[in-house]
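*Asks:* Quick note on numbering: full-length UniProt numbering labels position 72 of the sequence shown as 72, and the sequence is numbered without any gaps.
All C-beta atoms in this analysis are idealised placements derived from N, C-alpha and C, irrespective of residue type, glycine included.
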Amino acid sequence: MTQTAHGVEFNKHLSATPKSVEEREAILANPGFGDYFTDNTAIVDFKVDADGNGGWHNARVEAYGPISLDPSAAVLHYGQEIFEGLKAYRHADGSVWTFRPEANAARLNKSARRLALPELPEDYFLGAIRELVAADQDWVPSGDGEALYLRPFMIATEAFLGVRAAREVSFRVIASPAGNYFGGELKPVSIWISREYARAGRGGTGAAKCGGNYAASLIAQQEAEANGCKQVLFLDHFNDDAVEELGGMNVFFVFKDGSLATPALTGTILEGVTRSSVMQVARDMGREVSERKITLAEWRDGVASGEITEVFACGTAAVITPIGVLKDETEFIGSEDAKTGDVTMAIREQLLGIQTGTVEDTHGWLTRLV
Ligand code: COI
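1) Could you spell out the range, first to last residue, of the alpha helix (DSSP H) harbouring residue 211?
2) List the DSSP bridge partners of residue 80.
3) Rounded to whole angstroms, what is the Cα-Cα separation between residue 3 and residue 272?
4) Could you give the distance in angstroms between the alpha-carbon of residue 1 and the alpha-carbon of residue 326?
5) Is it buried or exposed for residue 218, if we count other Cβ within 10 angstroms and need 16 for buried?
6) Measuring CB atoms only, is the region 29-43 touching the region 164-176, in the sense that at least three cross pairs come out at less than 8 angstroms?
7) Any idea what DSSP makes of residue 1, helix, strand or coil?
8) Spatial neighbours of residue 293 within its chain, please: CB distance less than 6 angstroms, with the 5 preceding and 5 following residues excluded, ordered by chain position.
9) Count the other C-beta atoms from every protein chain shown that fall within 10 angstroms of the C-beta of residue 20, then say buried if there are 16 or more, exposed otherwise.
10) Is residue 291 helix, strand or coil when you go by DSSP?
11) What is the rounded straight-line gap between the Cα of residue 107 and the Cα of residue 153?
12) Who sits around ligand 1, taking every residue whose Cβ is closer than 5 angstroms to one of its heavy atoms?
13) Buried or exposed: where does residue 236 fall if 16 or more other Cβ atoms within 10 Å of its Cβ makes it buried?
14) Alpha carbon to alpha carbon, how far is residue 355 from residue 101? Give it in angstroms, no decimals.
15) Who does residue 377 pair with in a DSSP beta bridge?
16) State whether the region 296-307 contacts the region 200-207, with contact taken as three or more CB pairs (one from each stretch) at a distance under 8 angstroms.
17) Would you mind listing the alpha helix (DSSP H) stretches within the region 278-335 that are 4+ residues and don't spill past its ends, in chain order?
18) If we ignore side chains and look at the alpha-carbon of each, how far apart do residue 10 and residue 59 end up?
19) Would you call the region 280-290 and the region 53-72 touching, i.e. three or more CB-CB distances under 8 angstroms?
20) Given this structure, state the Cα-to-Cα distance separating residue 5 from residue 39, to the nearest angstrom.
21) Count the other C-beta atoms from every protein chain shown that fall within 10 angstroms of the C-beta of residue 112, then say buried if there are 16 or more, exposed otherwise.
22) Rounded to the nearest angstrom, what separates residue 62 and residue 133 at their Cα positions?
23) Work out the CA separation of residue 165 and residue 80 for me, nearest whole Å.
24) When we look at the beta-carbon of residue 339 and count the other beta-carbons within 10 Å, is it buried (16 or more) or exposed?
25) With residue 191 as the anchor, note down where its beta strand (DSSP E) starts and where it stops.
26) What are the residues that DSSP puts in a beta bridge with residue 45?
27) Measure the C-alpha to C-alpha separation of residue 75 and residue 214 and round it to an integer number of angstroms.
28) According to DSSP, is residue 369 part of a helix, a strand, or is it coil?
29) Under the three-state reduction of DSSP, which class applies to residue 260: helix, strand or coil?
30) Thinking just about the alpha-carbon of each residue, which of 119, 93, 244, 131 is nearest to the one in residue 200?
31) Quick one: which unbroken beta strand (DSSP E) runs of 3-plus residues sit fully inside the region 100-173? Chain order, please.
32) Tell me whether residue 278 is buried or exposed, calling it buried when 16 or more other Cβ atoms sit within 10 Å of its Cβ.
33) Taking just the CA atoms, how far does residue 210 sit from residue 263?
34) Could you give the C-beta distance for residue 86 and residue 316, rounded to a whole number, given that I count them as a contact under 8 angstroms?
35) So residue 254 is in the beta strand (DSSP E); what residue range does that whole segment cover?
36) For the candidate residues 258, 148, 259, 333, whose alpha-carbon lies nearest to that of residue 130?
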């Protein structure tokens, strides 16, 4: 594979039938989340050769479209799959930037190790993002809270039904213009407590970003939606109902002394890039932040006594979304009329400001793409 000043060279076979300007603009006027995809996709393949040596090859950007897979491909049977989520932001001068991509590249490789997939050199990860966004730069929206959501993923493509790590793998990046994950304007969401289901267990894959974790969350998410909630909260039922995370995002608590806390990483919680950025931004604002065990009882009692003043969810897709109510058949914490808290809003604005270039990037978190 050719190395260039920017790392790996990607061959370009761009879409011959991109969306028209009118079609694209109609989509960008109301992108929603995850419904529309750009014209192209970036791909790198991996194969172990007859001598047992594995290598990444055939880096390319080509037209977005269906993937042709053998029906026996390992990913279709054993779920050997991992993914990431990050965004490309349009700045006021028209340039396009992404946020802490090295952290996503590192987490992808952590997930790869857990799922027995090959690690991807950072140059390929960054190169794929850079080349895809360069090809599809007109798709980066510029509205408030909008960005181009990038979804890197890795799948086991080898056609083989034995249960072992696949020797053929594909890494891909797709891109989707995104507004508010929960639709409409930012407002506090209601969360449903999952009593019956767990997202992850000790020694399992909870700390990896793999499709299986999300598949395991769906039945609980359905229960949440059937009860008028936007997300589900998973607890550690074997550890005093310690708060773990939501179906697709981490959780933060704001206390009346101005400090914040988020559940400590126990091996079953995803180490969110937004989670770690929120901790840093809050500390930069002079707030104390702790990573510790927070139980459902502390959440209930803290809200009742006024000790806990705000609760919010965070993730790349969700950015920072206030939580108004936590409930199930026996529990009701918070209020249907909750307003977005001041601390939640200040941290959200600071983080979005860094990402969109209106607040100084003192940590060197931004990488220019276009
Ligand atoms: C993200 O925030 O990027 C995620 O991966 C959550 C997603 C599953 C909606």
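*Replies:* A quick look at the data gives this:
1) 211-226
2) Paired residues: none, contrary to the question.
3) Because the pLDDT of residue 3 is 49, which lies under 50, any placement of that residue in the model is unreliable, and the number read from its coordinates should be weighed accordingly. Taking the straight line joining both Cα atoms gives about 31 angstroms.
4) A caution first: residue 1 carries a pLDDT of 45, below 50, which makes its placement in the model too unreliable to give a value.
5) exposed
6) yes
7) Confidence in residue 1 is poor, its pLDDT being 45 and thus under 50, which makes the residue's placement unreliable; the coordinate value appears in the next sentence. If DSSP states are grouped into helix, strand and coil, residue 1 belongs with coil.
8) 242
9) exposed
10) Of the three classes helix, strand and coil, the one that applies to residue 291 here is strand, per DSSP.
11) 12 angstroms
12) Listed by chain position, these are 85, 248, 315, 316, 317.
13) Answer is buried; the Cβ neighbour count reaches 16.
14) 12 angstroms
15) The question about residue 377 has no answer, for the chain in this structure spans 1 to 370.
16) no
17) 296-305
18) If you draw a straight line from the Cα of residue 10 to the Cα of residue 59, it is about 5 angstroms long.
19) no
20) Model confidence at residue 5 stands at a pLDDT of 44, short of 50, so the residue's coordinates are unreliable and nothing is read from them.
21) buried
22) 12 angstroms
23) One C-alpha to the other measures close to 8 angstroms.
24) Exposed is the call here.
25) 189-194
26) 57, 170
27) 15 angstroms
28) coil
29) strand
30) 244
31) 147-156
32) It is buried - the Cβ of residue 278 has at least 16 other Cβ atoms within 10 Å.
33) 20 angstroms
34) 6 angstroms
35) 250-255
36) 148
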